[in-house]
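Report on the following structure.
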Amino acid sequence: MSQPAPQLKPIARRKPGWRSRRRLWILIACLASLGLATGLMLQALSDDVAFFVTPAQIAAHPPPAGRNLRLGGMVVAGSVHHGSDGGQGGRPFVSFSVTDGQAALPVRYRGILPDLFREGQSVVVLGHLSSRPPEVFIADEVLAKHDETYMPKEVADALKKNGKWDPRFGPPPSPAQWRAMTASHPARPDPTSPGTGAGPAPLP
Numbered sequence: 002m003s004q005p006a007p008q009l010k011p012i013a014r015r016k017p018g019w020r021s022r023r024r025l026w027i028l029i030a031c032l033a034s035l036g037l038a039t040g041l042m043l044q045a046l047s048d049d050v051a052f053f054v055t056p057a058q059i060a061a062h063p064p065p066a067g068r069n070l071r072l073g074g075m076v077v078a079g080s081v082h083h084g085s086d087g088g089q090g091g092r093p094f095v096s097f098s099v100t101d102g103q104a105a106l107p108v109r110y111r112g113i114l115p116d117l118f119r120e121g122q123s124v125v126v127l128g129h130l131s132s133r134p135p136e137v138f139i140a141d142e143v144l145a146k147h148d149e150t151y152m153p154k155e156v157a158d159a160l161k162k163n164g165k166w167d168p169r170f171g172p173p174p175s176p177a178q179w180r181a182m183t184a185s186h187p188a189r190p191d192p193t194s195p196g197t198g199a200g201p202a203p204l205p
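Going left to right, the sequence shown walks through residues 2 to 205 as our numbering numbers them.
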């Protein structure tokens, strides 16, 4: 007696287009991961980028303390002072003020100033704002790689925008001219500098 033929179960058929949808979801996941990685990388880079600012821009729109910045302007004549934390034997620092003709900002720096650093001449300072009042720019590097006739483009643009200097009519203003032009915007003294009456305070 012959055995009955086994019954075969029908093979389940996947719906048309399932492969395309699967590839689409994989592509979406890859793009989302790539976008997230790019965003994190750009955020990390933006934290390291030092944007150029002037004292007037900081006064109008103070950036967060600790953000890397490049402060540009002219060194206020008579504003350079040398001091140390805790008096004699303390850590030495130098303080000076930078102005763009509209506002001035005190700067403190630990290190040796460039040979071309001069009062009444342009300067670019890399650093950040202090985290405690009063507002002081804490410098990590001072750039003064120029002579009496050269000025960094960013500083020149800021001074021309403020109407304080036009290179068509000669070199940058002298210290005496800057003193006269900025008389209505006196430099805010560094509270740790000699003669301010506030006494020395440690740098952050």
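We treat Cβ as the ideally placed atom computed from N, Cα and C, and that holds for glycine.
Between V143, V137, Y110 and R23, which lies nearest to S123 when the distance is taken from Cα to Cα?
-> For S123, the nearest C-alpha among the options comes from V143.
Sequence-distant residues of the same chain with beta carbon closer than 8 angstroms to R71, five excluded per side | Close CB contacts of R71 within its chain, under the 8 angstroms cut and outside five residues either way in sequence, are with A51, F52, F53, V54, V125, V126, L127 and E155 (chain order).
Do F138 and L130 have their C-beta atoms closer together than 8 angstroms?
-> For F138 and L130, yes; Cβs fall inside 8 angstroms.
Do V76 and E120 come within 8 angstroms of each other at the CB atom, strictly closer than that value?
-> It is a contact, given that the beta carbons lie within the stated cut-off.
Spatial distance of G74 from L35 (CA atoms) | In a straight line, the C-alpha of G74 is about 41 angstroms away from that of L35.
DSSP beta-bridge partners for R109?
-> Looking at the DSSP assignment, R109 forms a beta bridge with S96 and I139.
P56 lies in the alpha helix (DSSP H); which residues open and close that run?
-> Counting along the chain, P56 sits inside the alpha helix (DSSP H) bounded by residues P56 to A61.
Using a Cβ-Cβ cut-off of 6 angstroms (strictly less than) and excluding sequence neighbours within five positions of A140, which residues of its own chain qualify?
-> Shown here for A140: same chain residues with a beta carbon closer than 6 angstroms to its own, the five before and five after excluded, namely V108, Y110, V126 and G128 in chain order.
Quick one, which of A57, A66 and I29 has its alpha-carbon nearest L106's?
-> Closest by C-alpha distance to L106, out of A57, A66 and I29, is A57.
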